[in-house]
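Visitor: Please find one structure pasted underneath; my questions will follow.
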Amino acid sequence: MKRSPNIQAHAARTAVTALGALWLGACAVGPTYRGPPRVDTGSGWTQPAEDTRTSADLATWWTTLGDPVLDRLVATALSDNLDLRQAQARIREERALRDRAAGGYAPSVGASGSVNRRRQSKNGPLPIGSIPGLDRDQTIYDAGFDTAWEIDLFGRTRRALESANAGMQAAQADANDVRISVAAEVARSYLTLRGAQRELAAREASLATLQQTLELVRKRLDAGDAAQSDVDAARARLAAASAGLPGIHARQRAAALGLSVLLGAPPERELTLLDTRTAPITLAPIPVGERADILRRRPDVRAAERRLAARTADIGVATAELFPKLSIGASGGFQSLDAGNLLESASQTFSILPLISWRVFDGGRVRAEIHASEARQQQAALAYEKTVLSALGDAERALSNYQSGLDAVQRQNVALEAARSSYAHAQARFKAGDIALTDLLAEERVLRDAEDAYARTHTATAIDLVALFKALGGGWIPLAPRAAAIPGWAMGVCMPEFHAFRLPGIPQLA
């Protein structure tokens, strides 16, 4: 059967309208994101660093400490830590939301089928009983489809996709931030445990010396060479030193329990670490690179920047509500009173319905939403600036603490070597009969106290090193996330931007 010219002309006009809508499909109102605001990052580190031309290996910095047990713990935590697994689940959530936003470019299509058995009233508006061949009882068979497609004339879908892409990238940066934190927390807990073990060994050696001193003073009291006050003083020193033992035991046990939880395991799993010993890590200055480099490495800065991009795109989503919306609906199928001829051409039905809707007046709600989106954008810009400054402050403090810690370790090492040398001389003099045993034990107490102080200082500085690696953004390799592409058939000639990208009062990133 030939189509009439009117039907053909109507179909042609519909096709032209659709093609025109597609041609305009890439137009997007609202501000186009040009990058983050500038923030004054300064001219460099505020105090001299070891090497600002190069940077230490930050991707897997814990391997540079040379402890295979720590390597195992960090690897397990990066695989099984529950916070990190939650962050990965949030990435999957944001990716699904991104895919949902990208689905706005495609039409929605549905299919339906039904069998409707009905009885019509004889007393209704139609004289059912007086029309020949028209039964009061009917069974209507219906099968077909319907589709609806909103053309993205002013970029609402495009801006929504931009926002969703930026949200997904922010979630990826958040996950990298969690990864850095997990690796640093594992290293901190492990070094705390090992440091407590070395402090405990030094404290127990000191207690042994104090115990010998007490026994010797008691013998001298029995011999009449010492007073009771000397015994009481020796016992007081021994009791004061032993009073610190429970705290050291508690610290190392708490570190082991915390490690197990960080690894996504029951708290008691890593308690076996209490029965093993390792050599202390070597502490030395590390090359930190340029201070501005941390802004490219820190995932929290990346996440704040991506959230600013998302809030910028949200302005376009809100702005698009000021403009008309063009939707095309179509449906077709078969309808018959007899299932036997349901699929014949005479049973075909179809309809095409272009629809333009426009919120001409809504009491200012759209413009209020635009203003709210602009305010959220400014908040995100300020949050980005704060994140940048906080990152710089973290790095400066961490570098200062570590350099001060290295100086303290060096000074404690000098004191320790001097105490060892003095004790060696005291041993030689005691063997020669030049000094009494009490003098030798006094020199040994000085040595044990120096060992105790060195162990505590070394542990604190090792933890400062972990904090420095974390502040520098160590622990992840930045990868460019794959964004959802805009379909090629949605490209076209864009209209001028409706807004300029303005952030009043906020400096631009230097």
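Be aware that the sequence shown starts at 594, since it is given in the numbering used here, and climbs by one per residue. C-beta: ideal position from N, C-alpha, C; glycine also.
1) How about arginine 884 and glycine 637: do their beta carbons lie closer than 7 Å?
2) Just reading off the alpha helix (DSSP H) that valine 632 is part of, what are its end residues?
3) Within 10 angstroms of its Cβ, does histidine 1051 collect 16 or more other Cβ (buried), or is it exposed?
4) Any idea what DSSP makes of tryptophan 742, helix, strand or coil?
5) Could you tell me whether the stretch 856-874 touches the stretch 731-749, where touching means 3 or more Cβ pairs closer than 8 Å?
6) With asparagine 709 as the anchor, note down where its beta strand (DSSP E) starts and where it stops.
7) Give me the residue from Gly998, Val959, Ala833 with the minimum Cα distance to alanine 877.
8) Can you tell which of Ser822, Ala849, Gln805, Gly817 has its C-alpha closest to the C-alpha of leucine 831?
9) Look at the Cβ atom of leucine 1009, then the Cβ atom of phenylalanine 1023, and state whether they are nearer than 7 Å.
10) Alpha carbons only, please: which of Leu1061, Leu677, Tyr1047, Val824 is nearest the one belonging to asparagine 994?
11) Starting from alanine 757 and walking both ways along the alpha helix (DSSP H), at which residues does that stretch end?
12) Please report how far the alpha carbon of glycine 1067 lies from the alpha carbon of aspartate 825, in whole angstroms.
13) From the DSSP output, in three-state form, read off alanine 913 for me.
14) For lysine 979, count the other beta carbons within 10 Å of its own beta carbon; 16 or more makes it buried, fewer makes it exposed. Which is it?
15) What do you reckon, are the CB atoms on arginine 969 and arginine 904 nearer than 7 Å?
16) Rounded to the nearest angstrom, what separates threonine 607 and glycine 696 at their Cα positions?
17) In whole angstroms, what separates the C-alpha of glutamate 797 from that of glutamate 1044?
18) Valine 775 and asparagine 674: beta carbons closer than 7 Å?
19) Taking three-plus beta-carbon pairs below 8 Å as touching, is the stretch 726-737 in contact with the stretch 708-717?
20) Could you check which residue in Gln765, His1018, Glu755 has the C-alpha nearest to that of glutamine 679?
21) For phenylalanine 943, which residues does DSSP report across the bridge?
22) Please classify leucine 864 as buried or exposed, where buried requires at least 16 neighbouring CB atoms within 10 angstroms.
23) Suppose the cutoff is 8 Å on Cβ atoms and the five residues either side in sequence are ignored; what does the same chain contact list for glutamate 792 look like?
24) Report, in whole angstroms, the separation of the C-beta atoms of arginine 752 and alanine 961, which I expect to be a contact under 8 Å.
25) So, is glutamate 686 buried or exposed, given that buried needs 16 or more other C-beta atoms within 10 angstroms?
26) Mind checking who leucine 919 pairs with in its DSSP beta bridge?
27) Could you tell me if tryptophan 654 is buried or exposed, where buried requires 16 or more neighbouring beta carbons within 10 angstroms of its beta carbon?
28) Relative to the C-alpha of alanine 984, which residue among Val632, Ala794, Arg844 is closest?
29) For lysine 1063, report the span of its alpha helix (DSSP H) as first-last.
30) Run the CB neighbour count on arginine 1038, radius 10 Å, all protein chains shown included, and call it buried at 16 or more, exposed below.
31) Taking C-alpha atoms, which residue in Gly788, Val662, Leu690, Ser929 lies nearest to valine 708?
32) Leucine 855 to serine 648, Cα distance in whole Å?
33) Whose C-beta lies closer than 7 Å to the C-beta of serine 915 among residues of the same chain, with five residues either side of it excluded?
34) Closest to proline 624 by CA distance: which of Ser756, Gln1003, Thr656, Pro661 is it?
35) Thinking C-beta only, is leucine 786 closer than 7 Å to alanine 843?
36) Does the distance from the C-beta atom of serine 924 to that of serine 944 stay below 7 Å?
Guide: Taking the coordinates as given:
1) Looking up residue 884 in the sequence shown gives position 291. Looking up residue 637 in the sequence shown gives position 44. With respect to glycine 637, arginine 884 sits close: the two C-beta atoms are nearer than 7 Å.
2) To locate residue 632, count along the sequence shown from 1; it is residue 39. Counting along the chain, valine 632 falls outside any alpha helix (DSSP H), and DSSP gives it neither H nor E.
3) Translated into the one-based positions of the sequence shown, residue 1051 becomes position 458. Residue environment: histidine 1051 is assigned as buried (16 or more neighbouring CB atoms within 10 Å of its CB, all protein chains considered).
4) Reading the sequence shown from its first residue, position 149 is the one you call residue 742. Strand.
5) Contact fails: fewer than three Cβ-Cβ distances are below 8 Å.
6) What you label residue 709 is simply residue 116 of the sequence shown in a count that begins at 1. Going by DSSP, asparagine 709 is part of the beta strand (DSSP E) stretching over 701-712.
7) Here residue 877 is taken as the residue at index 284 of the sequence shown, counted from 1. That would be Gly998, whose Cα lies nearest to the Cα of alanine 877.
8) Here residue 831 is taken as the residue at index 238 of the sequence shown, counted from 1. Check the Cα spacing between leucine 831 and each of Ser822, Ala849, Gln805, Gly817: the tightest is with Gln805.
9) Position 416 of the sequence shown, counting from 1, holds the residue named residue 1009. Position 430 of the sequence shown, counting from 1, holds the residue named residue 1023. In this structure, leucine 1009 sits away from phenylalanine 1023, with a CB-CB distance that is not shorter than 7 Å.
10) For the purposes of this step, residue 994 is taken as residue 401 along the sequence shown, with counting starting at 1. Closest in alpha carbon position to asparagine 994, among Leu1061, Leu677, Tyr1047, Val824, is Leu1061.
11) Looking up residue 757 in the sequence shown gives position 164. Residues 749-815.
12) By one-based count along the sequence shown, residue 1067 stands at place 474. By one-based count along the sequence shown, residue 825 stands at place 232. One alpha carbon belongs to glycine 1067, the other to aspartate 825, and they sit about 53 Å apart.
13) In the sequence shown, the residue the question calls residue 913 occupies position 320. In the structure shown, alanine 913 adopts helical secondary structure according to DSSP, grouped into three states.
14) If you number the sequence shown from 1, residue 979 lands on position 386. Classification for lysine 979: exposed.
15) If you number the sequence shown from 1, residue 969 lands on position 376. If you number the sequence shown from 1, residue 904 lands on position 311. Against a cut-off of 7 Å, the Cβ pair of arginine 904 and arginine 969 comes out as a contact.
16) By one-based count along the sequence shown, residue 607 stands at place 14. By one-based count along the sequence shown, residue 696 stands at place 103. Reliability fails at threonine 607, whose pLDDT of 49 lies under 50, so the model's placement of it is uncertain and the value that follows must be treated cautiously. C-alpha separation (whole angstroms): 23 Å.
17) On the sequence shown, position 204 is the one that residue 797 refers to. On the sequence shown, position 451 is the one that residue 1044 refers to. Taking the straight line joining both Cα atoms gives about 11 Å.
18) Indexing the sequence shown from 1 puts residue 775 at position 182. Indexing the sequence shown from 1 puts residue 674 at position 81. Yes, these two residues count as a Cβ contact at 7 Å.
19) Yes, they touch.
20) Reading the sequence shown from its first residue, position 86 is the one you call residue 679. Closest option to glutamine 679, Cα to Cα, is Gln765.
21) Taking the first residue of the sequence shown as 1, we reach residue 943 at position 350. Answer by DSSP bridge pairing, in chain order: Gly925.
22) The residue you call residue 864 lines up with position 271 of the sequence shown. The residue in question, leucine 864, is exposed, as its Cβ has fewer than 16 Cβ neighbours within 10 Å.
23) Along the sequence shown, read from residue 1 onward, the residue named residue 792 stands at position 199. Excluding positions up to five away in sequence, the list reads Ile841, Asp1045, Ala1048, Arg1049, Thr1052.
24) Along the sequence shown, read from residue 1 onward, the residue named residue 752 stands at position 159. Along the sequence shown, read from residue 1 onward, the residue named residue 961 stands at position 368. About 18 Å; that fails the 8 Å criterion.
25) Within the sequence shown, numbered from 1, the residue matching residue 686 stands at position 93. Its Cβ having fewer than 16 others within 10 Å, glutamate 686 is exposed.
26) Looking up residue 919 in the sequence shown gives position 326. Within the DSSP secondary-structure output, leucine 919 pairs in a beta bridge with Ile744, Ile949.
27) Taking the first residue of the sequence shown as position 1, residue 654 is located at position 61. When all chains shown are included, tryptophan 654 counts as buried.
28) Along the sequence shown, read from residue 1 onward, the residue named residue 984 stands at position 391. Minimum Cα distance to alanine 984 is reached at Val632.
29) In the sequence shown, residue 1063 corresponds to position 470, counting from 1. For lysine 1063, the enclosing alpha helix (DSSP H) covers residues 1030-1064.
30) The count along the sequence shown starts at 1 and reaches residue 1038 at position 445. Under this definition arginine 1038 is a buried residue.
31) As a working mapping, residue 708 is identified with position 115 in the sequence shown. Among Gly788, Val662, Leu690, Ser929, the Cα nearest to that of valine 708 is on Ser929.
32) Taking the sequence shown and counting its residues from 1, the one referred to as residue 855 is at position 262. Taking the sequence shown and counting its residues from 1, the one referred to as residue 648 is at position 55. Between leucine 855 and serine 648, the C-alpha separation is close to 28 Å.
33) Taking the first residue of the sequence shown as position 1, residue 915 is located at position 322. Going by the sequence as given, residue 915 is leucine instead of serine. Once the five neighbours on either side are set aside, the close Cβ partners of leucine 915 are Val959.
34) Stepping through the sequence shown from its first residue, residue 624 is reached at position 31. Closest by alpha carbon: Ser756.
35) Looking up residue 843 in the sequence shown gives position 250. Looking up residue 786 in the sequence shown gives position 193. Contact: no.
36) Mapped onto the sequence shown, residue 924 falls at position 331. Mapped onto the sequence shown, residue 944 falls at position 351. The criterion of a C-beta distance shorter than 7 Å is satisfied by serine 924 and serine 944.
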